[in-house]
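Since the structure comes first, as structure tokens, the remarks are kept for the end.
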Amino acid sequence: MVDSTHYQSVSNSSAGDRSLLARIPIRDREGQIVPGTCTANKERKSDLLYHRNSKRTLKSKAKPREWMLDEPNCARRRSPRTCKSPGFLQSSAESRHFRSDVFDSHVNATFLLYHNQRFVQQLNSQRDNMNVLNGKIQALRENRASYDAMLVSINQEWNQVIDDLIFLEARAGGLLNALKALNNAENSGEENFLSRLLETDSIATGYIDGALANRCLSTERLIKLLEDAINAERSRTESITLSLPAEVSAEDVILLLSNIDEMMKEEAKNLHEAVDILQQKHRECSDKVQSYATNHEVDQSEIKHLKGELDESMGKLNESRRKFISLKMLKDAASGATNPTIGAVNGSLSPEKPAEKTARLRELKDLIEETKILAADRLSELLDVREYNTILSEQLQDIQNELKDDKYVLQSRLYALLNDQLQHVNAEVGRYRTLTDAMQGERSFIIRREKELYAKLESADVARNAIDNVETRIADLELQLQKSIAEKNDLEIKMEESLQDSGKKDIKAEFRVMASALSKEMGMMEMQLNRWKDIANEALSLREEAVALRASLTSKSDERKNLVEVCSKQTVEIKSLKSLVEELQKEKMELQIFLDIDLTEVRESTRIANSQAELLRNALEEHSLELRVRAANEAEAACQERLSVAEAEIADLRAKLDKSEREVSELVEAIRMKDAEAETYISEMETIGQAYEDMQTQNQHLLQQMTERDDYTIKLVSDSVKTKQAQSSLLSEKQLLTKQLQQLNSSIETLRSKVSHCEEQMKIVLAEGMRSAQEERHLAVSLEAAKWELADAEKELKWLKSALSLTEKEYDQIHRDLNEVQIKLNNEREETKKLEEELAEWNRKAAELMAETGEAAIQRLQDEINECKTILKCSVCLDRPKQVVIVKCFHLFCNQCIQKNIELRHRKCPGCGTAFGQNDVRAVKI
Numbered sequence: 001m002v003d004s005t006h007y008q009s010v011s012n013s014s015a016g017d018r019s020l021l022a023r024i025p026i027r028d029r030e031g032q033i034v035p036g037t038c039t040a041n042k043e044r045k046s047d048l049l050y051h052r053n054s055k056r057t058l059k060s061k062a063k064p065r066e067w068m069l070d071e072p073n074c075a076r077r078r079s080p081r082t083c084k085s086p087g088f089l090q091s092s093a094e095s096r097h098f099r100s101d102v103f104d105s106h107v108n109a110t111f112l113l114y115h116n117q118r119f120v121q122q123l124n125s126q127r128d129n130m131n132v133l134n135g136k137i138q139a140l141r142e143n144r145a146s147y148d149a150m151l152v153s154i155n156q157e158w159n160q161v162i163d164d165l166i167f168l169e170a171r172a173g174g175l176l177n178a179l180k181a182l183n184n185a186e187n188s189g190e191e192n193f194l195s196r197l198l199e200t201d202s203i204a205t206g207y208i209d210g211a212l213a214n215r216c217l218s219t220e221r222l223i224k225l226l227e228d229a230i231n232a233e234r235s236r237t238e239s240i241t242l243s244l245p246a247e248v249s250a251e252d253v254i255l256l257l258s259n260i261d262e263m264m265k266e267e268a269k270n271l272h273e274a275v276d277i278l279q280q281k282h283r284e285c286s287d288k289v290q291s292y293a294t295n296h297e298v299d300q301s302e303i304k305h306l307k308g309e310l311d312e313s314m315g316k317l318n319e320s321r322r323k324f325i326s327l328k329m330l331k332d333a334a335s336g337a338t339n340p341t342i343g344a345v346n347g348s349l350s351p352e353k354p355a356e357k358t359a360r361l362r363e364l365k366d367l368i369e370e371t372k373i374l375a376a377d378r379l380s381e382l383l384d385v386r387e388y389n390t391i392l393s394e395q396l397q398d399i400q401n402e403l404k405d406d407k408y409v410l411q412s413r414l415y416a417l418l419n420d421q422l423q424h425v426n427a428e429v430g431r432y433r434t435l436t437d438a439m440q441g442e443r444s445f446i447i448r449r450e451k452e453l454y455a456k457l458e459s460a461d462v463a464r465n466a467i468d469n470v471e472t473r474i475a476d477l478e479l480q481l482q483k484s485i486a487e488k489n490d491l492e493i494k495m496e497e498s499l500q501d502s503g504k505k506d507i508k509a510e511f512r513v514m515a516s517a518l519s520k521e522m523g524m525m526e527m528q529l530n531r532w533k534d535i536a537n538e539a540l541s542l543r544e545e546a547v548a549l550r551a552s553l554t555s556k557s558d559e560r561k562n563l564v565e566v567c568s569k570q571t572v573e574i575k576s577l578k579s580l581v582e583e584l585q586k587e588k589m590e591l592q593i594f595l596d597i598d599l600t601e602v603r604e605s606t607r608i609a610n611s612q613a614e615l616l617r618n619a620l621e622e623h624s625l626e627l628r629v630r631a632a633n634e635a636e637a638a639c640q641e642r643l644s645v646a647e648a649e650i651a652d653l654r655a656k657l658d659k660s661e662r663e664v665s666e667l668v669e670a671i672r673m674k675d676a677e678a679e680t681y682i683s684e685m686e687t688i689g690q691a692y693e694d695m696q697t698q699n700q701h702l703l704q705q706m707t708e709r710d711d712y713t714i715k716l717v718s719d720s721v722k723t724k725q726a727q728s729s730l731l732s733e734k735q736l737l738t739k740q741l742q743q744l745n746s747s748i749e750t751l752r753s754k755v756s757h758c759e760e761q762m763k764i765v766l767a768e769g770m771r772s773a774q775e776e777r778h779l780a781v782s783l784e785a786a787k788w789e790l791a792d793a794e795k796e797l798k799w800l801k802s803a804l805s806l807t808e809k810e811y812d813q814i815h816r817d818l819n820e821v822q823i824k825l826n827n828e829r830e831e832t833k834k835l836e837e838e839l840a841e842w843n844r845k846a847a848e849l850m851a852e853t854g855e856a857a858i859q860r861l862q863d864e865i866n867e868c869k870t871i872l873k874c875s876v877c878l879d880r881p882k883q884v885v886i887v888k889c890f891h892l893f894c895n896q897c898i899q900k901n902i903e904l905r906h907r908k909c910p911g912c913g914t915a916f917g918q919n920d921v922r923a924v925k926i
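Residue numbers (the UniProt record's numbering): 1 to 926.
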């Protein structure tokens with residue numbers, strides 16, 4: 001196979017120039033070449049391929065190659081038009097035939113030399129003009145390339161501005177409008193005007209102005225939408241700030257929370273719609289990728305078909321070449337036998353050759369030329385199809401990598417837009433939640449202070465009333481005692497006076513009766529006084545019990561405060577644990593990103609190694625093609641030794657390449673497993689967050705119930721205070737009435753009223769003691785409930801701590817895995833460096849081999865290429881390339897053969913007979 005780059009042309013010279021350059025050399029009588037003349041026998045193949053290959057050489061900008069023969073009878077021309085093709089050696093019979101005809105025609109050598117020099121001068125002038133024109137064309141192309149680069153940069157900057165505007169609009173709250181604008185930006189017709197400028201040569205100025213105007217209008221619309229979204233968000237925040245006065249009641253807080261919930265629902269709805277739009281776009285992208293894959297398969301089938309046709313044509317060409325060589329050998333033998341003298345003079349065949357043989361040779365030559373032209377056409381078509389196929393495969397691979405790459409998804413504009421929107425909403429929710437929590441904390445603190453003040457006032461009133469009652473009782477008893485003592489003294493004085501008056505017996509008897517009555521009354525008074533003393537002692541004991549109950553109440557309230565503080569500390573600790581879990585999630589995402597970067601580096605290194613191996617194969621093919629022309633038999637043994645070393649090195653390189661591919665597949669499987677574990681961890685953390693939110697809602701519900709109970713107790717306390725005040729007012733009125741009755745009635749009635757008053761106060765004290773006991777029971781119940789809540793919170797805290805320890809262990813495991821992956825990556829880099837060094841050594845050896853010649857070396861290289869092709873093909877069908885690998889034995893086959901074995905339930909390796917399952921078959925790319 002002849003490379004198309006070997007046949008290149010430079011100038012558009014005329015047919016006359018080409019015919020003159022295609023003439024044979026002029027020889028004198030002694031067989032020497034006349035000075036100034038040279039052989040430039042250009043084949044028809046290069047002339048026919050001139051126009052086709054000129055375009056390809058302008059695209060590839062390859063350097064022209066000159067095939068220079070080592071014959072002493074041929075002068076070397078440095079022009080690309082006079083390059084020798086590989087078929088020049090094979091057409092020696094034709095050249096000798098033409099030389100014999102020219103020699104027989106007796107052409108004047110000097111006349112031909114003059115015309116030849118003249119035409120060479122014209123050709124040089126035309127070549128100079130062509131070089132000037134090529135320089136101008138190159139300058140114009142450079143200017144056009146700079147202009148195209150400037151247009152591309154302008155288009156990129158404009159697209160970046162539009163993307164920034166859409167991003168700002170999404171962050172300002174207009175998510176759906178931003179997505180619609182994004183769809184319009186991707187699907188609008190005005191967006192493609194710069195690409196059309198790059199693709200076409202000339203476009204009307206009016207169309208360009210219209211496209212620019214439409215694009216400016218679309219950008220202005222985006223700016224207007226951005227301003228509207230910012231104004232709407234500003235009005236929303238202002239309405240929220242206006243709805244938050246300095247003193248907020250519970251109803252206002254509930255209304256504000258309901259409004260915030262509605263806003264959150266609306267935002268969630270918008271996010272759902274945005275996610276639906278993104279899913280639709282993802283489906284469209286997957287459909288496009290599928291269409292690209294189908295087109296790629298169709299192109300592959302066409303390439304296989306063209307390869308088959310090319311092989312057939314090459315087989316026919318080789319057969320025709322063999323026939324031509326055999327005929328040439330017969331012709332040389334016949335010419336040497338018939339006319340050796342003429343062949344010694346001018347080096348050509350004898351003119352006395354039969355006409356039939358010459359006609360047959362001409363027909364064979366025409367047939368060979370036609371086959372060469374056909375092979376060149378097929379080769380050019382195959383190269384064009386191969387280039388187009390490589391372009392399509394690269395585009396498909398880029399699209400697949402972009403769609404499969406998580407980093408691309410995470411760094412995409414829509415994902416960043418949704419993530420920023422979600423963070424903004426979460427920040428707003430957290431801010432409003434902190435406001436409500438602060439309000440709830442202040443409200444509970446105020447209620448607690450009011451309760452404490454009411455309890456202190458009540459205890460002070462009770463103590464004051466008890467002290468006043470005891471003091472009044474003591475004062476009354478002292479007055480009664482003084483009165484009784486005064487009456488006793490009066491009675492004693494009367495008794496002494498009555499004793500002095502001994503003359504009156506009746507008076508004595510009366511005095512005796514009065515003394516006995518007074519003694520009885522005195523005994524009754526003493527008994528009543530003792531009873532009042534007992535009542536006073538009981539009142540003092542009740543007062544001490546009330547003080548003890550008050551102290552226990554204060555201790556219980558202190559315990560309750562301590563429990564509330566412990567609960568608040570635990571809530572703070574839970575929040576800190578939640579923040580720690582979020583930080584661990586962020587670190588995990590960062591580690592995942594680093595892992596993706598390392599994987600991309602590994603893939604890039606493998607791709608570079610594959611590309612270098614492909615370049616090496618191409619260099620070997622070009623080397624084999626060049627060595628076909630340069631024949632040398634002297635360095636055969638050295639070439640054989642070097643080829644054996646090269647084969648060993650190629651085997652080592654293949655083994656290392658297979659090993660690196662296996663390691664890459666293992667790394668990919670490990671990464672997939674890590675991704676699955678990361679997804680499970682994320683789901684577990686989401687369940688933890690959901691449980692924490694449920695617990696928080698339950699806690700809020702319990703706090704609300706406690707506030708309701710506190711309100712109810714406050715109402716009861718206020719009612720009891722009012723009743724006590726009314727009772728105290730009634731008691732004061734009753735005391736006034738009793739004082740009036742004491743002044744009107746006798747001392748006994750006053751004592752009875754005081755006794756009844758003391759009994760009523762005792763009942764009041766007993767009722768207060770019962771009420772305090774009930775309050776103590778209520779406090780004990782609330783304390784027990786608080787203890788249960790504290791126990792639940794401690795359990796939940798332990799569970800969160802265990803979850804945190806598990807996440808820390810997983811984080812350490814991820815760190816260890818990342819370190820292992822880093823070590824493997826370093827090893828892979830070292831191996832790639834070794835491969836690069838070996839590749840450089842191989843290139844050096846290939847360069848050395850290029851300097852050497854030999855038909856045996858060419859044949860060995862061709863055999864090696866065939867062996868490489870057979871190694872790359874399936875060993876079962878010997879037709880299709882190796883596409884899958886069996887993991888148990890690491891043997892490579894094509895996908896169709898393995899699928900046939902799986903369908904026939906003959907699941908054994910065709911190479912070694914090892915049994916395998918359907919999961920042991922993995923796809924590979926060679």
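Where a beta carbon is used, it is the ideal one built from N, C-alpha and C, also for glycine. Given the structure is predicted, the values throughout are model-derived calculations rather than measurements.
Please report the distance separating the alpha-carbon of residue i from that of residue j.
i: Ser320; j: Leu392; result: 37 Å
i: Asn819; j: Asn895; result: 36 Å
i: Thr687; j: Asp694; result: 10 Å
i: Ala846; j: Gln862; result: 14 Å
i: residue 928; j: Glu428; result: Any answer about residue 928 is impossible in this case: the structure gives the chain only from 1 up to 926.
i: His778; j: Leu806; result: 42 Å
i: Leu892; j: Thr832; result: 23 Å
i: Ser875; j: Glu848; result: 34 Å
i: Val821; j: Met150; result: 42 Å
i: Thr237; j: Met263; result: 11 Å
i: Ser484; j: Glu538; result: 25 Å
i: Glu784; j: Lys451; result: 20 Å
i: Lys715; j: Ser732; result: 26 Å
In the DSSP assignment, what residue or residues form a beta bridge with residue i?
i: Val547; result: Val547 is not bridged to any residue.
i: Asn922; result: The sequence given here has Arg at residue 922, not Asn. According to DSSP, Arg922 bridges with Val885.
i: residue 928; result: Shown here, the chain extends from 1 to 926; a query on residue 928 therefore has no answer.
i: Lys873; result: Pro881
Is the beta carbon of residue j closer than 7 Å to that of residue i?
i: Ile299; j: Asn389; result: With the sequence shown as reference, residue 299 is identified as Asp, and Ile is not the correct amino acid for it. Cβ atoms of Asp299 and Asn389: closer than 7 Å.
i: Cys274; j: Ser313; result: Before going on, a small fix: residue 274 reads as Ala here, not Cys. Cβ distance not < 7 Å, so Ala274 and Ser313 don't count as in contact.
i: Asp920; j: Lys882; result: no
i: Cys909; j: Ile886; result: yes
i: Asn489; j: Gln761; result: no
i: His282; j: Leu396; result: no
i: Val884; j: Ala915; result: no
i: Tyr811; j: Leu584; result: yes
Report yes or no: is there a C-beta of chain C within less than 7 Å of the C-beta of residue i?
i: Lys494; result: Note that chain C does not occur in the displayed structure, where there is just one protein chain.
Relative to the C-alpha of residue i, which residue among the options is closest?
i: Leu800; options: Ala213, Ala455, Ser579 and Lys494; result: Ser579
i: Thr697; options: Glu471, Ile277, Gln156 and Arg433; result: Arg433
i: Leu257; options: Ser802, Gly430 and Asn489; result: Gly430
i: Glu487; options: Ala517, Leu113 and Phe890; result: Ala517
i: Ser576; options: Ser519, Leu804 and Glu526; result: Leu804
i: Leu327; options: Glu796, Leu310, Gly315 and Ile368; result: Ile368
Problem - contact_flag[the stretch 299-311, the stretch 374-385] where n(CB pairs < 8 Å) is 3 or more - result: Yes: at least three Cβ pairs fall under 8 Å.
Handout entry: Sufficient close CB pairs (3 or more, under 8 Å) joining the stretch 523-533 to the stretch 474-484
Key = Result yes; three or more Cβ-Cβ pairs closer than 8 Å.
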